[in-house]
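Going by UniProt numbering, the sequence shown opens with residue 1, and the numbers climb by one from there.
Glycine included, each C-beta is placed from N, C-alpha and C at the ideal position.
These numbers were taken from a predicted model, which means no experiment stands behind them.
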Amino acid sequence: MNIDVLSRLEKCPREITWKIIEFAPEQFLNVSMTCSMLKSHVDQCARGRVNIPIIDRLRFNGGKIPSCYRNIAQAMADTDPIYSFIYKDPFHKIIIETTTAIALFSNSLLIFIVTTTKADHIGSYRYLLVFFSICNITTTFGHVSMEWYCHLTSTGFYFFPRHVGGFFFGTPWASIFCWMFIVTYYQVFLILAYHFIYRFKTVTRGIGSSFTDGWKSTNWVCAAIITYVVYITAFVSDVAFGMAPSEQMRNDVPPEILEIYGMDLKDPRTGFIVIAMRRVNHTTNEVYWSAESVISIIICMILFLGTGAVVVFCISKTSAAIKSTNTTMAPATRRMQQQLFRALLIQTFIPCIFSYSPLCMILLWGGLTGINLGAFGNVLFLTTAVFPSVDAFFVLFFIVKFRIAVIKLFLLPFSTIIGSSVEHRSNTLTR
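Shown next, in the form of structure tokens:
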């Protein structure tokens, strides 16, 4: 290995090539950079932004590697970053169990309020709210039951639970739970798209023409079920065929994963999903783009951004219809639609911050930038546990009838002065 590196250095004096390996011949990775890029890379390593082991006794122009490069090696080998408490117990367990308890309470409360509060103007939208709450509950149970790790590499990511199990028809059960969690996680985006479609069709009813104008509830339910099945099947298939670990992928697992988490992903009993956009050809030692991972990410992003495109389209059309003077709405109906639309926007803003953004970074960061964020992936993924716990509270607050129902349920005093509460009655306290 060192002879090969030295020969490459002698042939390319302006290129520094490190052979990063563990003490096993089948595990290595080539990292090349020009001298002009070296200083910024040193700075990144010093800040702990790169976290990969490196042999620090590499020969350099006939001598040992300089001390500055040994410092890089030490920074790369850091397996205990300053934020490690976030994904270690007891902090991680406390956060996950707390968000789970809050999610169970808030979403159960929303289901109860939706099903017991008389609000004719809500219509069939109440069923979407109930389904959305159920999805949030299943997602948060997925977080607490498997206690996921998410490790970002310079080529993609590794996603795996903290538990090792057996096999189910030759497949590690942990891999199956990875796929199931994907279903519970990504279905939330589809349900949000359903919400916006419903609001769009409600506000624009009677305006323009559409092939769905004559649809009854049965038609909409059938269309929603078919879309749901196709969408989820596409996601699961993409993950199962494009992100499932092969034998070679298990052999190429970065050694720092075992050092940081104590999880041996080479053990066939461990299940995980992996994206490695760039891989090493073990015959030629060349780095190449993996068509399998790239195609998998493209399909994932098409499905992911497809729901986002539907949401953006419906937001634009719904907002324009509510504000338009050509829309034949009574003033009270217009205010009610504005209220429901505002609640839906807030309901969407929360997952955009705590789910869409960190998820996009997890999926794309390593493959597109080549920067190894390592264990910081756990910080990003932990933020996704927030939105299922708080989203229902915003729905309860911004929909007037629901907010009053909660206040009365818990016997809280409230004022009816315009702007402080939601019903304009008298300036008294009610229990």
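- When DSSP states are grouped into helix, strand and coil, L409 belongs to the helix group.
- For W289, the secondary structure class from DSSP, reduced to helix, strand or coil, is strand.
- Under the three-pair Cβ rule at 8 Å, the segment 179 to 197 counts as touching the segment 142 to 158.
- If you compare the alpha carbons of T333, G366, A385, C300 with that of H121, the shortest gap goes to T333.
- For Y149, there is no enclosing alpha helix (DSSP H); the residue is found in the beta strand (DSSP E) stretching over 149 to 152.
- Distances from the CA of N107 to each of V400, L409, V395, P413 were compared; the closest alpha carbon is that of V395.
- Counting only residues of its own chain and dropping the five nearest sequence neighbours on each side, D267 has a CB closer than 8 Å to the CB of V164.
- Per DSSP, R199 is one residue of the alpha helix (DSSP H) stretching across 173 to 203.
- Checking the DSSP bridge columns, you'll see Y158 partnered with H151, V274.
- With contact defined as three or more Cβ pairs closer than 8 Å, the segment 287 to 297 and the segment 224 to 244 are in contact.
- Residue environment: D252 is assigned as buried (16 or more neighbouring CB atoms within 10 Å of its CB, all protein chains considered).
- Counting C-beta pairs closer than 8 Å gives fewer than three between the segment 280 to 290 and the segment 317 to 324, which falls short of the contact rule.
- DSSP, reduced to helix, strand and coil, places F91 within a helical segment of the structure shown.
- One Cα belongs to V311, the other to G214, and the distance between them is close to 23 Å.
- Between F160 and T270 a beta carbon distance of about 7 Å is seen, short of the 8 Å cut, so the two are scored as contacting.
- If you compare the alpha carbons of V386, G374, A330 with that of T100, the shortest gap goes to V386.
- Between the alpha carbons of M249 and I273 lies a distance of about 10 Å.
- Per the C-alpha coordinates, the member of I96, I82, D80, P81 positioned closest to L382 is I96.
- The Cβ atoms of A103 and T140 lie closer than 8 Å to each other.
- In terms of Cα proximity to F304, the closest of S357, T138, S154, F211 is S357.
- Contact between Q339 and M329 does not hold, since their C-beta atoms are separated by about 13 Å, which reaches or exceeds 8 Å.
- With 16 or more other Cβ atoms inside 10 Å of its own Cβ, T204 counts as buried.
- Taking a contact as a CB-CB distance under 8 Å, the pair I346 and F398 counts as one, their CB atoms being some 6 Å apart.
- Among the bridge pairs identified by DSSP, R250 is matched with none.
- Our two residues, P413 and I260, have alpha carbons roughly 51 Å apart in a direct line.
- The C-beta separation of G370 from F157 comes to about 13 Å, leaving the pair out of contact by the 8 Å criterion.
- Of the residues G123, S154, L359, the one whose Cα lies closest to the Cα of S217 is G123.
- Of all alpha-carbon atoms in G170, V236, S154, R199, the one lying nearest the alpha-carbon of Y185 is that of V236.
- Separation of Y231 and I225 (C-alpha to C-alpha, rounded to the nearest whole angstrom) is 10 Å.
- Residue pairing by DSSP places R335 in no beta bridge whatsoever.
- In terms of Cβ geometry, M301 and S290 do not form a close pair [threshold 8 Å].
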